[in-house]
Amino acid sequence: MNAFRFLGDMSHLFSVLLLLLKIYATKSCSGISLKTQELFVLVFLTRYLDLFIYVVSVYNTIMKLVFVASSIAIVWCMRYHPAVRRTYDKSQDMFRHYVLVGACFLLALVFHDEFTIREVCWSFSLFLEAVAILPQLVLLQRSGNVDNLTSQYVFFLGAYRAFYILNWIYRYVTEHHISWIAWICGLVQTVLYADFFYYYFISWKNNAKLQLPA
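In mature numbering (1 follows the signal peptide of the UniProt record, and there is no 0), the protein residues as written are -25 to -1, 1 to 189.
Structure (structure tokens):
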């Protein structure tokens, strides 16, 4: 494992921990898209079908379990925790995420490395992860003001993907490894974060609260 992948994993892990901190410390999911979190559950469940089939490494297995368990825990809290679910603003979280699921499934049926259940599910998870953040970004634009923990959560999610792109470049240079589906999905996902990153750095530079244009 190279440093870029490790930093990407740690950024991803830190983003999840920040979101869990927000939910459990404040008993609030204000500003968080339930639809994005449900998409992430679907991403991890379809990507890690091999979790109990074979073990790549202890580190790999632990990270898979953490991401699956934490994503399910977040969705459970937003849907069923008495205090947390009252803070969920359904009227702001209106993105039709089922359209993303359907489109990504069709793409996975066409573009995959091998026509098997595991490989199609793997491709589906890559396509879906690339666009899973869309409901969250739309919600933030509708709400305007973004609290610090939510902005940090989205920032580290974007950083995770940016580090993974560097990881892919490094692997191409050192190992000549190419995965076109992963590369294209990663680039699409990073582009979706570009607008958020711009306003994030503007607010950081001015030491002000993050505000997104409606």
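Backbone N, C-alpha and C define an ideal beta-carbon position, used for all residues, glycine too.
Computed from a predicted model, the values in this text were never measured in an experiment.
Out of the options, which one is the CA nearest neighbour of residue i?
i: residue 48; options: 12, 35, 34; result: 12
i: residue 106; options: 159, 117, 56, 63; result: 159
i: residue 153; options: 88, 28, 111, 175; result: 88
i: residue 68; options: 42, 94, 113; result: 113
i: residue 93; options: 23, 156, -6; result: 23
i: residue 38; options: -24, 129, -13, 165; result: -13
i: residue 144; options: 133, 157, 132; result: 157
i: residue 132; options: 168, 43, 123; result: 168
i: residue 73; options: 109, 91, 31, 86; result: 109
i: residue 40; options: 117, -10, 175, 164; result: -10
i: residue 164; options: 151, 117, 111; result: 111
i: residue 118; options: 155, 85, 65; result: 65
i: residue -21; options: 71, 35, 166; result: 35
Between residue i and the rest of its own chain, which residues show a CB-CB distance below 8 Å, the 5 nearest in sequence each way excluded?
i: residue 103; result: 14, 17, 18, 21, 75, 76, 79
i: residue 115; result: 6, 121, 125, 129, 171, 187
With a cut-off of 8 Å on the beta carbons, I'd call residue i and residue j a contact; round off their distance for me.
i: residue 127; j: residue -8; result: 5 Å
i: residue 63; j: residue 9; result: 6 Å
i: residue 191; j: residue 142; result: Because the chain is modelled from -25 through 189, residue 191 falls outside the range shown and cannot be assessed.
Once the 5 residues before and after residue i are set aside, which same chain residues still bring their CB inside 7 Å of it?
i: residue 147; result: 153
Between residue i and chain D, is the shortest Cβ-Cβ distance under 8 Å, so that the two count as touching?
i: residue -7; result: Absent from the structure: chain D. Only one protein chain is present.
Take residue i and list the residues in its own chain whose beta-carbon comes closer than 6 Å to its own, dropping the five residues that flank it on each side.
i: residue 1; result: none
i: residue 85; result: none
i: residue 52; result: -3, 59
Original post:
Do the region 138 to 145 and the region 78 to 92 meet, that is, are 3 or more Cβ pairs less than 8 Å apart?
Top reply: With the rule of 3 Cβ pairs closer than 8 Å, the region 138 to 145 does not count as touching the region 78 to 92.
Original post:
Three or more beta-carbon pairs under 8 Å between the region 90 to 102 and the region 50 to 64, yes or no?
Top reply: Of all C-beta pairs linking the region 90 to 102 to the region 50 to 64, fewer than three are shorter than 8 Å, placing the two stretches out of contact.
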